[in-house]
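Only one structure is covered here, and it is reproduced in the block below.
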Amino acid sequence: MPRPETRMVTLSIDGREVTAPENVMLVDGAKYGDVEIPVFCYEPKLGAPVGACRMCLVEIEGIPKLQTACSTPVKDGMVVHTQTARVHAAQEAIVEFLLINHPLDCPVCDKGGECPLQDISFGWGGGRSRFIEPKRHFQKPLALSPLIAIDRERCILCYRCVRFSQEIAEDYQLVLQERAAHTFVATFDGHPYVAPFSGNIIELCPVGALTSQPYRFRARPWDIEGSGSVCTLCPAQCNVNFTVRDERVLRVLARDHAEVDDGWLCDKGRFAYQAVHVDERITRPMIRDGGELRPVSWERALEHAASALGRAQARVGAIAGGETTNEEGFLLQRLVREVLLSNDVDSRAGGSLSLDLHRALGAPAAQATVSDLEFADAVLVLDCEPVDDAPILDLRIRKGVRRRRVELAVATSRPSSLDPNARLRVRFAPGCAEAFLLALEAAIGTAAGEPRREEVARLAQAAGADAGAVHALADLLTTSGDDVVVLWGERVTGGERGEYAGRALLNVAGRLGLRDRDGAGLLCVPAGTNGRGLAEAGVLPNAGPGLSEVEEAGRDAAGIAAAVAAGDLVALYLLHTDPLRDLPNRGAWEAALDRASLVVAHAAFLTEGIRAHADVVFPAESYAEKEGTVTHPDGRLQRLRPAIGHQGETRAEWQVLAELARRLGRDLGVHTGPMATDQLVAAVPFYAGITLDELGGKGLRWPAREAASAFPAPATAGPFELEPPAPAPAPNGRLRLGTFRSIWAAPEVEVSPALKFLHPRQRAELSPADAQRLKLFPGDRVTVGSDGHSVSAIVALRDGAPEGTVFLETAIPEDSASLLEGPLVEVRKA
Amino acid sequence: MTQLILFKDIDEPGLATLEVYQRRGGYEGMRKALGMSRDQLIAELEASGLRGRGGAGFSMGKKASFIPKGTMDKYLVCNADESEPGTFKDRELMQKCPHMLIEGMIIAAYAVGANRAFIYIRGEYELQAQILERALEEARGQGYIGEDILGSGHSMTLWLHRGAGAYICGEETALLDSLEGKRGNPRLKPPFPANQGLFQGPTLINNVETLATVPHIIRMGGEEYAKLGTPGSTGTKLVSVSGNVRNPGNFEIELGTPAREIIYGLAGGPHEGREVKFWFPGGSSSPVLLPKDLDLPYDFDSMAKAGSMLGSGAIIVIDDANSVVDVALKTAKFYRHESCGKCTPCREGTNWTVRMLERIDSGEATPMDLDIMASVQEQIIGNCLCVLGDAMAMPVGSMIAKFREEFEAHIEAARERNDALTTAVAPPEALIQGAVA
Amino acid sequence: MTIDPIDPRRVPRFDHGSRVPGWDEAVDLTKDPAEVPDPATTPVPDDLRAAIEAHIAKYPERRSATVPALREVQERYGWCTPEGIEQAACVLRLTPAYLISVATFYDMLETRPVGRNTIYVCTNISCSLCGADELYTTVRDEVGDDPEFNVRSFECLGACDIAPMASVNGTYVGPISLDEVPTLVQQVRDGAEPLPDKQLARRRSVDPNAASRS
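Protein chains in written order, with the numbering used here: chain A, 65 to 894; chain B, -15 to 421; chain C, 10 to 223.
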């Protein structure tokens, strides 16, 4: 679907000639002429205007009644007056009406000083009230959720929060109740408003009716400073604004970026800043001494790590976690490859892919952007759950479906929260994306007239999917329009057959003509925040910076674990990762960590793997302290800027990596953060010429720059000849194991006082049919096990869950599904 | 004597059944219409000069002509949410002659190419809903509603949708929201329902009486119909007369009949020894008129010229035994209760007005409060999202303007009463309690 | 002289008549958020499901059946109970919050427990000009604290020709004189037809022109 073109129109506002884009609302158009029209209910991010508050009434020549500027599009030749006596009278009337029941308790209100109601009353109100009746008084503040407090006295019923809940997040939990002057904002029957995006209503509220529980009474607007940066808690990399008071982050606000986050934040991004200042955070270097980690000086920690790494020479494996910046990843692979002379460095959880596949999947020509999700003709969500994996994309997909009628298809193993919005839902067995994609490719062929119906049936069966649904999906993707975006989860290319699944994906992309087409393409949701950037910085066993060839490929993450366990490697370098949390096959990693003679970790929290196994721990910077760049899944380089100074004794990690290299006898030539960036840019041909200044506040998509032509072309981007994979195992009384990582499964959530309550515990998600067969009821405690390993979980039924599969959480401290091997497990009542 | 169109033989036994209705010539208009082209039908409607009977008085033919041509999903909605205080004409029509409405809807749906039609009836009309459901079943049984109606190629569904008690749902866009299963909040206009109405599709919305008139127009011919009434207000109209009259009820009159003839001639005038003090000519939303206005012709233009409106055709007569303050308070309370709460001036303005009137009533006001109240009404008028705010502000404003002296006298009398109370010996405890009550 | 401390509950302005049910209610943080009820864990009586689905079939979008579904819930349970709303929400695939939002908007949908017998006394202008306020208080007094009754003063019911009137379990009756109230209430208690002679269903047109023909 092509983006609407913008034509400019000229109109007159208060006698000034104003040129504004056609069809924008008068409120926005007026800004082009520096005319401000006051609004309360209008917020373009919320969709079509509602015209409820009536604050924006203006006079338009030729129309007898005053009009709401929020709902009147600008037109050529329109003559508008905002300063006539009639308009002033109407504005004063609205302010007077709004203040009738508003308590005017500004001195004790969090919003005071940054309150639109204050500003507008001062700027446009009459400065007096003739209302002498008693005002309404209610109990306040009341809890709306553990995160949000509601003060109904202050509410001016602008509809913003309920519109957000109903039309943006579509959780429909926050609603208006009753009618007329009795109307109030509430939830159903006293249930709390807990939803992944609930915190946005705090920022939307134009008065102090909705306040953040963690921020309440922490600061006044004149105490604070704002500092723009990027949230690195998930691959969505939303742009944020840290509210800082006295070197402490007290709040996170959205920093609108239409190409990244559309101005929204998830609650993890909004409230997990608390983890920056909790006691659990590691802020001093530590060394294991007598079995316990004890704080030591930097000198001792560095010396200890350097000498131990020196002894391990070449027998070191290194893993970078998703929150690692491009610069840190780049320096890590230099340290490993150039100093420690090892090839064993990885940043992917799911196993290595061929360099060619990396190049084909990452090619600029095949790349879709975030906003393409909104303007596409059709979107296929493939083997990922946006609300868990990159929450803000969930909102973007909903927006496309709602406002632009994007045809949405969801092809996953686990039921998705986007299912109700999708035109089509296809389920396949966990881990069977490869067979599913082959079936889809064959079905697209069938749709084009090729006689492959039987092949589709065979492959669909192998994938545990319904062949009819696969055909329907092929029809949808081929008939909705040319702009198709496939949002695929990195798990597609995970596991032993990830390479082949990746090729199958390229075959589908080729069939749909997604290459070299603006507005169409592939968009990967990596497992880690900076998955794309780390691959491009060379943190892969078989690729150097810029996806360049390496002389000798090293081991991938799983290979490193096996090699350490086998004694072939002796040391592990863990940059922002705890393999027990973040990587699959927890058993193998436990064995490796047990056997390793040296584990050096950069960590912010003592998660179980670090606590039990690390020998040297360097305190990791929080994202509010970091300097550097990360790369968004759609290729946008974004800049992290320090909002606060380093907490405790924390040091910049590029500095630690460079210092280790120096102590090991090699000067990496990095003395400041920007020098690391310069080195990275110089080493990655398709980043050539990028400077931090050029990145600025909004970042920059490298695939859209000229230097993108330097991207190394794959030998072939398909089509590939592919063999059908082995079919998904038949459960035969057992259940297939599906896993997922919840949005709340993160150490930052675990330690943030406000978010703690959301941190997940293991539950076994079952279909009602399986539960009935196993005689299980919701809330039952069960053990889920395979081959000697088992985890404990609580039964949760889900109507859309496919029969024959049980879904378990990963990335949680206890009972994580990564303990189980699968593909089949048994569920027994505990 | 008025030529009766809608009320002809209205009390004939069994008229609510298809059999009797058809024996009386029912569904002939529909048969004739299905043989005509859509353009012809709309031309007939325009020629009839029929103006909407629900309150706004907009030309029905013109409204129908605004519906875009094409094959998109189009809708016809009958507004049977009759809730304007004083109005009860549609109720009698639906109860006694439901097929007339159904026939009108089939013709209107055919004329604009709507395939889905709904009757939105107010939830309180239990009996009428049951009767309509039965009539709809009969019409479906005859193939008047369904696929390819009588071989015309036109297909339609027609369902009855029952509301659940909200005055605002009589406002056409609020009605659409309500029919979509939402809170009945009025929408911003534009877009108008003719372009984007029910489920975002082009939608024709008409009142029961308007649609029930359609078969007669088709039967008689538009020009013939236009000969009734006055040039600006053609045809006959059902008028609901209530309040302080001896014979309250619905009367079918030719538009342009003098109001006095309706109130005194048909409805019997006020009770023995009473005089008309003032009257609402078109439901409680219309600014009140005085006895001197009784000789005006009762039609759209004359009522507008007198500073009021014909509205839904509901005349409420208030005699000289009643206090204007009571009526103003009753009116304001009604609109406060029924405001949807979406837009500021209506939500807050109706609330404030009621509280001021309560103060006036209880003697805690001064004449200055009347000025404030009049100014608050002005602050409401024209600034709201829909007409509900105006619907309170205009009659209340008109009462203050026309009966200012009575308001002032009321304040004075109530204050004197209060003074007498406070000087009497009363324990302070009781005083506090009294203020609360 | 000693001064009694001020009890805020006794200060008139804190007890002003604008208290709204719900405004003072906080959420219960021990509850789970109310999402769209999962059919796997929300049993719905078959007949209720069938009735709601029959309504859904009339409209191009399911949501339209919200009010009819709530009416079904009210008919079944006497009022829109939280459980009933959850069941309707489950069939409609909407959140219960959405349904409560709609239910509280409409006067005829009860969101708190009420008596089984409903008497709406119209107290709007036309009826009150004919003595509706007295009728309302008389009915209230006659009913007393009988929990089987739900007596409400209602806005214009569209029957000003029979003022003062009431809708008794959906049946319009009027004009009601004050001395008929005890009979009326007793008839409702007995499950008998309320004031049969005064039911609107039997009233003939008063238009002299229409009446003359029949």
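All C-beta atoms, glycine included, are put in the ideal place defined by N, C-alpha and C.
Check: Exposed or buried, what is N796(A) when buried is set at 16 or more other beta-carbons lying within 10 Å of its beta-carbon?; Outcome: exposed
Check: Report the option in D155(C), I134(C) and P52(C) whose CA atom is closest to the CA atom of F264(B).; Outcome: I134(C)
Check: Using a C-beta to C-beta distance shorter than 7 Å, which residues of chain A count as neighbours of P329(B)?; Outcome: R118, A157, I158 and F161
Check: Using a Cβ cut-off of 8 Å, pull out every chain C residue sitting near Y257(A), in sequence order please.; Outcome: V36 and P42
Check: To the nearest angstrom, how far is the alpha carbon of E362(B) from that of L274(B)?; Outcome: 21 Å
Check: Can you list, in chain order, the residues of the segment 72 to 94 of chain C whose Cβ is nearer than 8 Å to any Cβ on chain D?; Outcome: The chain inventory of the structure shown lacks chain D, comprising the protein chains A, B and C.
Check: Is the segment 633 to 641 of chain A in contact with the segment 650 to 663 of chain A, if contact means three or more CB pairs nearer than 8 Å?; Outcome: yes
Check: Starting from the beta carbon of Y145(C), find every residue of chain A whose beta carbon is closer than 9 Å, and list them in chain order.; Outcome: The contacting residues do not exist; Y145(C) stays about 21 Å from chain A at best.
Check: Whose C-alpha, out of N407(A), F202(A) and A250(A), is nearest the C-alpha of H166(A)?; Outcome: F202(A)
Check: Take L101(C) as the anchor and find which of R72(C), R149(C) and E119(C) has the nearest alpha-carbon.; Outcome: R72(C)
Check: Within 9 Å of any Cβ in chain A, is that where the Cβ of K221(B) sits?; Outcome: no
Check: May I ask you to report which of helix, strand or coil DSSP gives R37(B)?; Outcome: coil
Check: How about F252(A) and Q237(A): do their beta carbons lie closer than 9 Å?; Outcome: yes
Check: Taking E332(B) as the query, report the chain A residues whose CB atoms sit under 8 Å from its CB, ordered along the chain.; Outcome: F161, L162, I164, N165 and A245
Check: Following the continuous beta strand (DSSP E) through Y59(B), name the residue where it begins and the one where it ends.; Outcome: Y59 to A64
Check: What does V114(A) touch in chain B if you count any residue whose Cβ is under 8 Å from its own?; Outcome: L172 and K326
Check: Does the separation of the CB atoms of N178(C) and T127(C) fall below 9 Å?; Outcome: yes
Check: Could you check what DSSP says for H137(A) in three-state terms: helix, strand or coil?; Outcome: Reading the sequence as shown, one finds Pro at residue 137(A) and not His. The answer is strand: DSSP assigns P137(A) an E or B state.
Check: In the DSSP assignment, find the unbroken beta strand (DSSP E) run with Q702(A) in it and report its ends.; Outcome: R700 to L704
Check: Using a Cβ-Cβ cut-off of less than 9 Å, give me the residues of the segment 355 to 378 of chain B that come near chain A, in sequence order.; Outcome: I356, S359, V360, E362, Q363, I364, G366, N367, C368 and L369
Check: Closest to A688(A) by CA distance: which of A512(A), G333(A), Y564(A) and I77(A) is it?; Outcome: G333(A)
Check: When burial is assigned at 16 or more other CB atoms within 10 Å of the CB, is E155(B) buried or exposed?; Outcome: buried
Check: Between V76(C) and A148(B), which are expected to be in contact by the criterion C-beta below 8 Å, what is the C-beta distance as a whole number of angstroms?; Outcome: 5 Å
Check: Within 10 Å of its beta-carbon, does R331(B) have 16 or more other beta-carbons around it, so buried, or fewer, so exposed?; Outcome: buried
Check: Please name the residue or residues paired with D285(B) in a DSSP beta bridge.; Outcome: Note: D285(B) sits in no beta bridge, so no partner.
Check: Taking H341(A) as part of the beta strand (DSSP E), name the residues at either end of that continuous run.; Outcome: No beta strand (DSSP E) holds H341(A); DSSP gives it neither H nor E.
Check: How about R146(B): is its C-beta nearer than 9 Å to some C-beta of chain C?; Outcome: yes
Check: What does a CB cutoff of less than 7 Å around E242(A) pick up in its chain, not counting 5 residues either side in sequence?; Outcome: F248
Check: Using a Cβ-Cβ cut-off of less than 8 Å, give me the residues of the segment -15 to 12 of chain B that come near chain C, in sequence order.; Outcome: M(-15), T(-14), L(-12), F(-9), K(-8), D(-7), I(-6), D(-5) and E(-4)
Check: Across the segment 581 to 589 of chain A and the segment 462 to 477 of chain A, are there enough close Cβ pairs to call them in contact, namely three or more that are closer than 8 Å?; Outcome: no
Check: Cβ of P895(A) less than 9 Å from any chain C Cβ?; Outcome: Outside the displayed range of chain A (65 to 894) lies residue 895(A), so it cannot be described from this structure.
Check: By the three-class DSSP mapping on this structure, what secondary structure does G608(A) have?; Outcome: strand
Check: Examine chain C for any beta-carbon lying closer than 9 Å to the beta-carbon of A865(A), and answer yes or no.; Outcome: yes
Check: How big is the Cα-Cα spacing for P271(B) and V99(A)?; Outcome: 38 Å
Check: Could you tell me whether the Cβ of V100(C) comes closer than 9 Å to any Cβ of chain B?; Outcome: no
Check: Under 9 Å between C-beta atoms, does E387(A) make it to chain B?; Outcome: no
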